[in-house]
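The block underneath contains the structure these notes are about, expressed in structure tokens.
Protein chains: 2
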Amino acid sequence: MITYSPAQAAEVSGFSIDTLRYYEREGILRPIARTSGGHRTYTEDDLGWLDLVHCLRDTGMPIADLKRYAELSLDEATLAARVALLEDHDRRVQESIDTLRGQQERLREKIRWYRGQGV
Amino acid sequence: MITYSPAQAAEVSGFSIDTLRYYEREGILRPIARTSGGHRTYTEDDLGWLDLVHCLRDTGMPIADLKRYAELSLDEATLAARVALLEDHDRRVQESIDTLRGQQERLREKIRWYRGQGV
DNA sequence: GAAATCCCTGGAGCGCGCTCCAGGTCAAGG
DNA sequence: CCTTGACCTGGAGCGCGCTCCAGGGATTTC
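Going down the list, the sequences are from chains X and D. Our numbering puts the first sequence at residues 3 to 121. Our numbering puts the second sequence at residues 3 to 121.
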């Protein structure tokens with residue numbers, strides 16, 4: 003089975019080693035397997051999960067929600083709850099996109115106004 | 003001339019009174035006029051500026067950049083620099099919208115995947 | 001003119017999400 | 001082996017953007 007050292011996991015996931023440890027402490031990652039000497043070895047599954055975590059963080063999901071989602075993922079019987087959580091999040095993402103686009107339009111109006119002033 | 007008390011300015015602008023004071027301290031607002039007793043009286047111009055500040059904050063402009071933009075605005079000869087700043091910001095806003103949309107698509111794929119699992 | 005609000009200042013505190021550090025242990029190359 | 005570099009833990013620190021507080025003065029309302 004392919005595994006990854008902390009440095010490799012950081013490289014692949016795009017999170018720093020410190021952040022990976024932080025996420026594990028926070029319960030966002032389930033406990034990572036260790037070598038006999040205590041060094042972490044990340045599996046491909048771990049990296050897959052980290053990929054989703056990256057998606058959720060990039061879209062502004064707070065750490066606390068991510069933790070809740072991670073906890074739900076430990077229990078097979080929570081599929082519906084997980085989907086609900088993701089759909090709520092999707093709605094919030096849509097709202098921020100909408101806000102961003104609306105405000106961007108205002109920003110561009112301002113720029114056009116400057117242009118009209120002979121800039 | 004119409005003026006606004008701190009509470010009214012907060013109400014209209016959507017910023018808290020504390021935030022208004024903070025922005026003034028930081029130089030994001032030019033010094034607000036005062037009554038003889040030292041109470042602030044916001045003008046319509048102040049509120050117009052706050053409206054732009056809100057737009058820029060909503061689109062993620064950091065306080066430091068906002069401050070720089072405010073400083074430029076004190077000098078009439080900086081129109082070009084101000085436009086450049088806004089256009090840089092517009093590009094960053096566009097990037098975040100793009101990232102958000104891309105990640106939202108991944109999120110929705112994940113939701114569809116759950117749906118395929120019979121949720 | 002007294003009571004009830006509102007506002008003032010300077011500075012401390014906070015919530016979030018990491019990030020860094022000291023003081024050590026482990027692992028891989030020569 | 002021995003060196004070198006990666007990794008470990010627990011906990012402190014940080015940058016951002018506010019937010020709150022004490023102790024006091026100003027304003028409005030009746």
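The beta carbon of each residue, even a glycine, is placed where N, CA and C say it ideally should be.
Between which residues of its own chain and D:Tyr71 is the CB-CB distance below 6 Å, once the five residues before and five after are set aside? In the same chain as D:Tyr71, and ignoring 5 residues on each side of it, the C-beta atoms closer than 6 Å to its own belong to Leu87, in chain order.
Output yes if chain X places a C-beta closer than 8 Å to the C-beta of D:Ile99; else output no. It does; some Cβ of chain X falls within 8 Å.
To test your reading of the DSSP string, which unbroken alpha helix (DSSP H) runs of 4 or more residues are found completely within the stretch 26-92 of chain D? 46-60, 65-74
Cα-Cα separation between D:Cys57 and D:Gly118, rounded to whole angstroms: 40 Å
Buried or exposed for D:His91, going by 16 or more other Cβ atoms inside 10 Å? buried
Nearest CA to the CA of X:Asp60: which residue from D:Ile113, D:Leu109, D:Tyr6, D:Ser7? D:Leu109
Option nearest D:Val55 by Cα separation, candidates D:Arg36, D:Phe17, D:Thr80: D:Phe17
Taking only beta-carbon atoms, is X:Lys112 less than 8 Å away from chain D? yes
Of the residues that make up the stretch 67-95 of chain D, which ones have a beta carbon closer than 8 Å to any beta carbon in chain X? Leu81, Ala82, Arg84, Val85, Leu88, Glu89, His91, Asp92, Val95
What does DSSP give as the partner residues of D:Thr21 in its beta bridges? In the DSSP output, where bridge partners are listed per residue, D:Thr21 has none listed.
Measure the beta-carbon distance from X:Arg36 to X:Thr43 and round it to whole angstroms, keeping in mind my assumption that it falls under 8 Å. 7 Å
Just mark D:Leu22 as buried or exposed, buried being the case when its beta carbon has 16 or more other beta carbons within 10 Å. Counting every other CB atom within 10 Å of its CB across the protein chains shown gives D:Leu22 a total of 16 or more, marking it as buried.
Do D:Leu102 and X:Ser98 count as a contact pair if the criterion is CB distance below 8 Å? yes
Beta-bridge partners of X:Thr5, as assigned by DSSP: X:Thr45
Verify the CB distance criterion: does X:Gln43 have a CB-CB separation below 8 Å to chain D? For the record, residue 43 of chain X in the displayed sequence is Thr; it is not Gln. Not an interface residue.
Quick one: does D:Tyr116 have its CB under 8 Å from some CB of chain X? yes
Run the CB neighbour count on D:Val121, radius 10 Å, all protein chains shown included, and call it buried at 16 or more, exposed below. exposed
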